[in-house]
Structures are given as structure tokens and as C-alpha cells.
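Chains as they are written, first to last, in my numbering: chain A, 8 to 218; chain B, 8 to 218. Working notes, structure below.
Protein chains: 2
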Amino acid sequence: MSLTLGAILYEGFELLDMFGPLEMFTAIPPDKLQVVMVAEAKGPVAAGSMTMAPGLPKVVADFDFSDAPALDIILLPGGVGTVPELENEKLLSFLRERAAKAQITASVCTGSALLARAGLLDGKRATSNKQFFSLATSQSQKVDWVERARWVDDGQFVTSSGVSAGTDMALAIIARLFGQETADQTAEAAEYTWHRDADEDPFADQLNRMA
Amino acid sequence: MSLTLGAILYEGFELLDMFGPLEMFTAIPPDKLQVVMVAEAKGPVAAGSMTMAPGLPKVVADFDFSDAPALDIILLPGGVGTVPELENEKLLSFLRERAAKAQITASVCTGSALLARAGLLDGKRATSNKQFFSLATSQSQKVDWVERARWVDDGQFVTSSGVSAGTDMALAIIARLFGQETADQTAEAAEYTWHRDADEDPFADQLNRMA
């Protein structure tokens, strides 16, 4: 009974938002967890960065919104591409439909702005990127936005702070699903010093610095 | 006068070896640094993991060994794909040819095994992944292999320990090329707690645990 994690690609996603968590999730054997790459359309999807550099890495989506398998876990990155996607009803609809059936929907960085726009975080606790925190909070007043948190675990929805925080959140999700020892071994094999405390936020003082 | 960084893809490269450093390097404005994705053949290249999971992310190479532009910086990841690539004379030749002209050739994790196999590290100080350290050391006796290091900076060649260590090394390279303030801002924007001390190695006790 393998779980399936769907990693959602869109133009301008942030590289480490996606691949910090996927480094950890792909260390779980495929008889326990399989990762699939999903986007609105199959094929290469270009990452983005604040500098709008050309030629950023393109990652291939193997599934689109119509043929993605059932997803037990959804991983939604942030990035400069978040802003245009706030108006992408196809993505928001896909997230609403699939999050309702998923065990865990996890966002990194500004990915929580998309979940909030979709209405999925209403009545829940959540966090987001520190330097652009208001991008998330402006999407819904009905979310209990947590300013100081490395990540926030509200059960079915888990949201992390900016970029690197997603890796710490991913290890916490691995601990919940597969046990603490598996999470510890996964971090060690990647020579990763895991921030284990969700409430300890070294970057809280950057709140809205760039907003 | 923008510098060009060539990120080298091969089948079975480790995701975070590549995208931890690229998260940091792509934060540098393109008028100072441009990133190009290079592989033996153009097109999608699949990542690998120790679990040999199917369907791992595929990243697109925009250039091959024959048409890659002049490279000022070379970024070489490790991963399970390192072992077959040790026999790939086309890759080793490309590395020899391009490293000779590059300002910095940087490897992550088992990537240093490939540099050692190519003879590029002879007479130099270098390090590698801790759990598979002997994979690197067995490639050349003429390298001064450093067992305890987050990364080792030998000027033209910079090598890091396993996976996550590459991100710390990348920030040190950014500091060298673009200044400490730029490196600090890059780490902060990614909400990344940078291990700044190259000699402090939290994972040295894992030496050859999996070899």
C-alpha cells in the first residue's frame, strides 16, 4: 500500500521549495511512497527566481491535471510564479478537488498564498514566506496566520515558511507518516541539520521586509 | 561581464546536490551570473535516489558537451549515478577540458569521485560524501582527502561533503565571487541557516558507514 505524493509544478516555481522536500521524500522506498510530477500541462516547466534570470532549470511534468493519479500527499511550492497563478482557476480548482481527498496538503513559501486563495486554509492555522508574508495573508482573512513559525502543522494542511523551511517540514511529515527513526536517517543520509522545532523561526524578524 | 555557471546533469544525479546550490546561484542577477544546464545529450535527464524509486524528476539539459558555452564555474553533483559515470570517458574528458579553463570547478557529494577519477584533484585537498567516502578516495591516492570538512576550498577546485553541504559551499563561492553581503542576503532570502565554517562537519562520524 504505497502512498502517492504529487509535486505540483507551475512556471516560476522556486527550485529549493520543490527539491529540498523532494530530496527527503524520494529517500523513502517506493513501496511506501511514490512521487509523481504534475502540472496543468505535461512537459517541461521552467523554474523562476527573484532575479528573473533566463534559462532557469526546466523540470518535466509527467502528469497533467486530468490524468494525475489519486494523491495522498500534495506538495505545492512557492516562487515568483505564485502571483500569476493566483488567477489560475484551473490550478485552484485542481487544488480544491485533490486536497479534499488527500491525507496531507503541504505548501512551501508563498505556496500557502495559493491554498488560501483557493479557500482551503479558512479556519486553519498557516504560515508563509517571511519577506513576502502579506502576499499570503491578503488572500484570506479567515486564516489564522502564524507570523513566527518554521512550519505550521494543522493536520490535513501543513504550511512552511520560505524556501529552506520546506525541507524541515518535509522531514516532519516523514516522521508523522513513517516514524521518527526514518526521518532521522533520511536527514543524516543527506548530511542535513534538521530544524526540528516548528515554532523556532530564525527569520521571523524579516516579516514583510520585501512586501 | 557576466560569469557563466554550467550545471552538469547525468542520469541518477542527486536532487539536492544540484538544486541546493542552484537555489543560491540563481539568486544572483543574470548580469553577474548566468546558469546553463549541460549534459552529454540534450533533453530530459532523470534524477536518482538510493531507493531507486521510479519516476524521479527529470530536468532538461539545454546544452550538450559539444555546444555548451564557455564555463567560468562548473557545478558537478553526486548521486547514485556517479558510479556508472566513473566509466564514462566522454564525461571525464569534458570535465578535464572545461575545468582547465574554469575559474572554479565545484563538486557536491560523490561528485568529487568523478573529479578524482578524471585526475583533476591530484595534488589538491578535497572531500566527499561521508557515508560513501571511500568511493571518492579509491579513485586516486594522489589527492589529500580531508575526512572532516563541510567543504574544502582549494582555489580552483572546491569540493563539498554530502548533499546538503553543497548549499553551504555554494554560498561560500558566492561570497568569494560577489562579496559577503551578497552571500548573506542570498541565504536570508531563502530563509537558510548557513553553516559558515568549512571545517565544522556535523556528519564526520558517519565516515564510510554505508561503504
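Every residue, glycine too, gets a C-beta built ideally from N, C-alpha and C. Nothing here was measured: the structure is a model prediction, and the numbers come from that model.
- Legend: CB atoms of the stretch 163 to 182 of chain B lying less than 7 Å from CB atoms of chain A belong to residues SER168, GLY169, VAL170, SER171, ALA172.
- When GLU198(A), GLU92(A), ARG216(A), VAL170(A) are compared, the shortest CA-CA separation from LEU23(A) is found for VAL170(A).
- Among the bridge pairs identified by DSSP, ALA123(A) is matched with none.
- In the structure shown, VAL90(B) falls within a helical segment according to DSSP collapsed to helix, strand and coil.
- Checking the DSSP bridge columns, you'll see ARG132(B) partnered with ASP151(B).
- Put simply, the backbone Cα of TYR17(A) is about 19 Å away from that of SER168(A).
- Judged by beta-carbon spacing, THR144(A) lies beyond the 9 Å limit of ALA77(A), meaning their Cβ atoms are not closer than that value.
- Excluding five sequence positions before and after THR193(A), the CB atoms of its chain that fall closer than 7 Å to its own CB belong to MET31, ALA34, LEU178, ILE181, given in chain order.
- At a cut-off of 9 Å between beta-carbon atoms, GLU30(A) makes contact with chain B.
- For PRO51(A), the uninterrupted beta strand (DSSP E) run begins and ends at 50 to 55, by DSSP.
- Taking a 10 Å sphere around the C-beta of LYS97(B), we find fewer than 16 other C-beta atoms and assign the residue as exposed.
- Taking C-beta separations shorter than 6 Å and ignoring five residues to either side along the sequence, the partners of PHE101(B) in its chain run PHE72, following chain order.
- Against chain B, the beta carbon of THR134(A) has no neighbour under 7 Å; the closest one sits roughly 11 Å away.
- Taking C-alpha positions only, GLU188(B) is separated from GLY27(B) by approximately 19 Å.
- One Cα belongs to ALA46(A), the other to GLY55(A), and the distance between them is close to 15 Å.
- Using a CB distance below 7 Å, no part of the stretch 75 to 105 of chain B faces chain A.
- Beta-bridge pairing by DSSP links GLY13(B) to VAL43(B), ILE81(B).
- For ASP24(A), the enclosing alpha helix (DSSP H) has its first and last residue at 22 to 32.
- Looking only at PHE210(A), HIS202(A), GLU198(A), the smallest Cα-Cα distance to ASP212(B) is reached by GLU198(A).
- Taking a C-beta cut-off of 7 Å against chain A, the contacting residues of the stretch 47 to 66 of chain B are PRO51, SER56, MET57, THR58, ALA60, PRO61, GLY62, LEU63, PRO64, LYS65, VAL66, listed in chain order.
- Taking a Cβ-Cβ threshold of 7 Å, the residues of chain B close to GLN138(A) are ALA196, in chain order.
- Looking only at CYS116(B), VAL67(B), VAL90(B), LEU93(B), the smallest Cα-Cα distance to PRO84(B) is reached by CYS116(B).
- For SER141(B), the secondary structure class from DSSP, reduced to helix, strand or coil, is helix.
- For a Cβ distance threshold of 8 Å, nothing in chain A lies close to ASP160(B): the least Cβ distance comes to about 18 Å.
- Residues of the stretch 105 to 129 of chain A with a C-beta atom less than 9 Å from some C-beta of chain B are CYS116, listed in chain order.
- Between ASP206(A) and MET8(B), the alpha-carbon positions lie close to 44 Å from each other.
- Between the alpha carbons of ALA53(B) and GLY19(B) lies a distance of about 6 Å.
- Under the three-state reduction of DSSP output, PHE70(A) falls in the strand class.
- Residue state for LYS108(B) is assigned as coil, using DSSP reduced to three classes.
- Beta-carbon to beta-carbon, ARG103(B) and ALA68(B) are separated by about 19 Å, too far to satisfy the 8 Å threshold.
- The CB of GLN213(B) comes closer than 9 Å to the CB of GLU195, ALA196, GLU198 in chain A, given here in chain order.
- In the DSSP assignment, ASP212(A) falls outside any alpha helix (DSSP H) and carries neither an H nor an E.
- Scanning its chain for C-beta atoms nearer than 7 Å, with the 5 sequence neighbours on each side dropped, one finds around ILE111(B) the residues ILE80, GLN163, VAL165, ILE180, in chain order.
- When DSSP states are grouped into helix, strand and coil, ASP206(B) belongs to the coil group.
- A Cβ of chain B is located within less than 9 Å of the beta carbon of PHE210(A).
- Not one beta carbon of chain A lies nearer than 9 Å to the beta carbon of VAL150(B).
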